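In the UniProt record's numbering, the protein residues as written are 1 to 534. By construction, the Cβ of each residue, glycine as well, lies at the ideal position given by its N, Cα and C atoms. Predicted, not measured: the structure shown is a model, and the values here were computed from it. The next block holds one structure in the form of structure tokens; read it before the comments.
Here you go:
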């Protein structure tokens, strides 16, 4: 079949592409490949989705998602550090079930979206085969799996931020004008999920400055940012007030030291759980069972380092592909550098803020593996990276546990007489209330905090006395009082925990102390019983 085609100002007759033939079957097979990766990724994210206990912050998501809309907005504005979109979405699966899996379902779907976005980002550079490899790296990432199974905003904001960056690349770098409107829409949704979306805006700004094609489209980008700001304006002032409060919160992080920096980098580039020498309780041997520990550590570093070095060679190409590889490096490195720099002023250096980096890392790893020579080395390295990720994800599934609120509350329920028991929880009562609601005979649960300043970095003596008196009054009608304290890692938390125990001890005697350990941190439990006849 022939068609007319323009050629240097005249029409020429040329042959149209032939119909699909057996030679084109690899493209069909590649589509099957990405579908298989997506199905596998979904299965991984749903596997044991509700198996782990909620930790404290997840339970605050439950409190918000199950509250009426007005109360949800109040909690987001006054207590939580996040805008309301994640909680509004999470409230939908919570209508179908009230367990941990339903609470975490939005995060699991968002993480699946990151796998698909990895594929789409890679398709800007490579064919379907290599793009499927990049998607598989994200699908098997233990770092991704950890936050896919956490009922917090991080997977969703990462999905929306990466989606916005993908649309930005199509619009600003590749000149696809129809991408501007969805870019602005998705950017606004990301901001309504978490302020971490600003990291994506920073990456876009750097690309606009450094990329000639993007610089030529500066005005459309500015117009889109203005539209995003207008859409976000209703929440902007709330967000600014939140940031002021959080900078003076008692649970905030310390400035990062060398060990803290390396811990986050290890989580992002290798694994958030130990692979060389796992905890003694792990049923799966660590790498040190097969090879020397030092050699294993070097190998785990080389698995991402070698293809990243090879990708740098591709980034030096003076081509559209080279420019896009450079944008992937910018998207990977700039958020790390920005957060690290800010953290010496206001500590923010924590792994969960970098969930958005995995797709860019995966694209760069796949690109570097393609560039490795001989070709067999690239193929072998791709297999090694996938096996390493699968092994790390298995260790995550077997070894990682969160704060054991489920076990603590059930133990209290089994040991306590109905109607005569209360629990005092400094600051973090949400997870206790979640599991308390599942007991046949719930105990009375009270949060020990100051109603006006629940998360202050310092309290006056008067405020501390008010909290202690209120806790004592709440506990007064009960013969048995339990105190559950989560990781008292700051002076103010330790002081409030001490005063809570003093309130529980009024007219009662201590009858037991326990420490429940987990990878997510310890819970300290104390029991006080009223003496017979009192």
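- Under the three-state reduction of DSSP output, residue 421 falls in the strand class.
- Excluding its 5 nearest sequence neighbours in each direction, residue 73 has C-beta neighbours in its own chain below 8 Å: 84, listed in chain order.
- Residue 528 carries a strand assignment under DSSP once its states are collapsed to helix, strand and coil.
- Taking the Cα of residue 117 as reference, the smallest distance to any Cα among 131, 78 and 195 is reached at 131.
- Using a Cβ distance threshold of 8 Å, residue 426 and residue 448 count as a contacting pair.
- With 16 or more other Cβ atoms inside 10 Å of its own Cβ, residue 369 counts as buried.
- With distances taken between CA atoms, residue 138 lies nearest to 119 out of 229, 119, 191 and 169.
- Bounds of any beta strand (DSSP E) do not take in residue 505; it lies within the alpha helix (DSSP H) bounded by 491-505.
- Segment contact: the stretch 366-386 against the stretch 471-486, fewer than three CB-CB distances shorter than 8 Å; contact not assigned.
- Boundaries of the beta strand (DSSP E) harbouring residue 480: 480-486, taken from the DSSP string.
- For the pair residue 163 and residue 181, the CB atoms are not nearer than the 8 Å cut-off.
- Considered as a whole, the stretch 123-178 harbours 128-140, 142-148 and 154-168 as its complete alpha helix (DSSP H) runs of no fewer than 4 residues, in chain order.
- Only exposed fits residue 215, as fewer than 16 other CB atoms lie within 10 angstroms of its CB.
- Restricting attention to 238, 374, 200 and 210, the CA atom closest to the CA of residue 338 is found in 200.
- The Cβ atoms of residue 355 and residue 158 lie closer than 8 Å to each other.
- Per DSSP, the unbroken alpha helix (DSSP H) holding residue 382 starts and ends at 375-399.
- Boundaries for residue 444: no alpha helix (DSSP H) harbours it, while the beta strand (DSSP E) harbouring it runs 444-448, taken from the DSSP string.
- Annotated three-state conformation of residue 307 is helix, per DSSP.
- With contact defined as three or more Cβ pairs closer than 8 Å, the stretch 76-93 and the stretch 148-157 are in contact.
- Residue 180: member of the alpha helix (DSSP H) spanning 180-191, first to last residue.
- By the Cβ neighbour-count rule, residue 328 is buried, with 16 or more other Cβ atoms within 10 Å of its own.
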